[in-house]
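Engineer: In the UniProt record's numbering, the protein residues as written are 1 to 309. I'd like to ask you about the structure that follows.
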């Protein structure tokens with residue numbers, strides 16, 4: 001092959017109670033990348049489509065190209081030349097793991113193009129370096145599920161320990177992205193550095209309950225555990241009509257509803273597709289009641305991760 005096109009999925013990070021340790025992939029939306037081999041060594045971004053000119057075209061500043069560069073350095077293939085065309089198919093600053101999807105698509109495509117010198121799990125640190133460029137922190141709760149598919153737990157960073165767990169086959173996710181933007185760095189800045197012992201214990205119980213509910217599966221336990229008493233109360237103020245949209249989701253049968261990543265997108269989990277569609281419509285109506293338009297996506301948990309198109 002001298003060219004390859006890859007899709008990498010959007011992700012929901014935190015998943016209510018699991019701040020910085022939980023994430024799962026969805027079928028839609030996602031990003032696409034096309035890599036074309038070149039006789040000239042080095043990485044070049046030849047075009048970015050769908051970003052309205054907002055993303056850097058310099059290879060040293062873009063999440064996709066940084067991920068590829070660190071990967072090539074690791075496998076000692078600095079002789080390789082690659083031209084990149086990035087197709088952004090989700091909003092920037094959406095809380096859907098946009099930067100992570102680009103990084104994952106890039107490093108996965110490069111590994112495929114070069115004949116898979118590394119297994120997919122070994123690609124994770126390079127995708128994380130792309131995240132470092134995007135938000136200043138090489139976290140794995142978005143790149144992990146985007147790369148590995150499914151629902152992942154980031155148990156540790158030192159050493160890196162990412163575990164993928166099973167989820168119910170008929171669990172559906174509703175994503176609603178209101179047409180506003182929340183900067184990830186701003187959303188981190190407003191968080192408190194310390195939390196009470198009481199809230200820590202509540203949150204730990206919900207983390208354990210959610211994992212048990214997903215693996216059992218026990219939908220009632222999933223519902224009871226999708227509660228965030230630490231992060232959501234602080235970040236909700238950045239999302240107009242958050243409480244109304246969440247109430248609309250729960251009133252229409254959602255198991256639970258919270259902020260996707262750092263927002264402004266919101267996610268809800270449901271036990272079937274019809275309920276997930278109804279939940280999306282109700283949440284959109286809540287935002288529209290104050291003049292905020294939105295996009296809605298409904299899918300099962302994406303268990304494949306990136307794929308060659």
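Beta carbons are placed, not taken as given, at the ideal position from N, Cα and C, and that holds for glycine. Owing to the predicted nature of the structure, the values given are computational and were not obtained by experimental measurement.
Whole angstroms is fine: what's the gap from residue 134's alpha carbon to residue 81's?
Structural biologist: Those two C-alpha atoms are separated by around 23 Å.
Engineer: Jot down the residue ranges of each uninterrupted beta strand (DSSP E) in the UniProt domain "GHMP kinase N-terminal" (66-150), minimum 3 residues, whole runs only, in chain order.
Structural biologist: The qualifying runs are 81-87.
Engineer: For the beta strand (DSSP E) holding residue 1, just list the boundary residues, first then last.
Structural biologist: Where residue 1 is concerned, there is no enclosing beta strand (DSSP E), given that its DSSP letter is neither H nor E.
Engineer: Helix or strand or just coil, what does DSSP make of residue 188?
Structural biologist: Helix, per DSSP.
Engineer: What runs of the alpha helix (DSSP H), each 4 residues or longer, lie entirely inside the region 158-219?
Structural biologist: Listed in chain order, they are 184-189, 197-215.
Engineer: Apply the 10 Å Cβ neighbour rule to residue 211 and answer buried if 16 or more other Cβ atoms are within range, or exposed otherwise.
Structural biologist: Flag for residue 211 reads buried.
Engineer: At a cut-off of 7 Å, would you count residue 201 as near the ligand ADP, judging by its Cβ distance to the nearest heavy atom?
Structural biologist: Among the ligands in the structure shown, none appear at all, so the ligand ADP cannot be discussed.
Engineer: Tell me whether residue 273 sits in a helix, a strand or coil according to DSSP, three-state version.
Structural biologist: In the structure shown, residue 273 sits in a helix (DSSP, three-state: H, G or I).
Engineer: Using alpha carbons as the reference points, say which of 275, 292, 290 lies closest to residue 299.
Structural biologist: Ranking the options by Cα distance to residue 299, first place goes to 275.
Engineer: Where do the N-terminal and C-terminal ends of the alpha helix (DSSP H) with residue 247 fall, by residue?
Structural biologist: Per DSSP, residue 247 belongs to the alpha helix (DSSP H) from 242-251.
Engineer: Buried or exposed, going by whether 16 or more other CB atoms sit within 10 Å of the CB of residue 285?
Structural biologist: By the 10 Å Cβ count, residue 285 comes out exposed.
Engineer: Quick check on this structure: which residue in 76, 203, 188 has the alpha carbon closest to the alpha carbon of residue 195?
Structural biologist: Cα-wise, what sits closest to residue 195 is 203.
Engineer: One question on the structure: do residue 301 and residue 64 come within less than 8 Å of each other, judged by their Cβ atoms?
Structural biologist: Result no, Cβ atoms of residue 301 and residue 64 do not sit closer than 8 Å.
Engineer: Please state whether the Cβ-Cβ distance between residue 4 and residue 46 is less than 8 Å.
Structural biologist: Going by C-beta atoms, residue 4 is not nearer than 8 Å to residue 46.
Engineer: Cα-Cα, which of 288, 207, 180, 124 is closest to residue 222?
Structural biologist: Ranking the options by Cα distance to residue 222, first place goes to 207.
Engineer: Hey, would you say residue 96 sits closer than 8 Å to residue 175, going by beta carbons?
Structural biologist: Against a cut-off of 8 Å, the Cβ pair of residue 175 and residue 96 comes out as a contact.
Engineer: Have a look at residue 303 and residue 109 and give me their C-alpha separation to the nearest angstrom.
Structural biologist: Their backbone Cα atoms lie some 18 Å apart in a straight line.
Engineer: Measure from the alpha carbon of residue 243 to the alpha carbon of each residue in 277, 12, 290, then state which is nearest.
Structural biologist: The candidate whose alpha carbon is nearest that of residue 243 is 290.
Engineer: Is it buried or exposed for residue 14, if we count other Cβ within 10 angstroms and need 16 for buried?
Structural biologist: With 16 or more Cβ atoms within 10 Å of its Cβ, residue 14 is classed as buried.
Engineer: My understanding is that residue 102 touches residue 190, with C-beta atoms under 8 Å, so please give their C-beta distance in whole angstroms.
Structural biologist: At roughly 26 Å, the Cβ-Cβ gap does not stay under 8 Å, so residue 102 and residue 190 are not in contact.
Engineer: Considering residue 234, what are the terminal residues of the alpha helix (DSSP H) in which it resides?
Structural biologist: Residue 234 -> alpha helix (DSSP H) spans 232-235.
Engineer: Within a Cβ cutoff of 7 Å, which residues of the same chain sit near residue 265, ignoring the five residues on either side of it in sequence?
Structural biologist: Closer than 7 Å at the Cβ level, and outside the excluded window around residue 265, lie 94, 95, 96, 175, 176, 177.
Engineer: Just curious, the beta strand (DSSP E) that residue 40 is in, first and last residue?
Structural biologist: First-last for residue 40: undefined, no H or E at that position.
Engineer: Exposed or buried, what is residue 234 when buried is set at 16 or more other beta-carbons lying within 10 Å of its beta-carbon?
Structural biologist: Residue 234 is exposed by the Cβ-count criterion.
Engineer: In whole angstroms, give me the CA-to-CA distance for residue 105 and residue 129.
Structural biologist: For residue 105 and residue 129, the distance between alpha carbons rounds to 13 Å.
Engineer: Going by Cα to Cα distance, which pick from 148, 150, 146, 141 is closest to residue 156?
Structural biologist: Of 148, 150, 146, 141, the residue nearest in Cα terms is 141.
Engineer: Cβ atoms of residue 143 and residue 127: under 8 Å apart, would you say?
Structural biologist: Yes, the Cβ-Cβ distance between residue 127 and residue 143 is below 8 Å.
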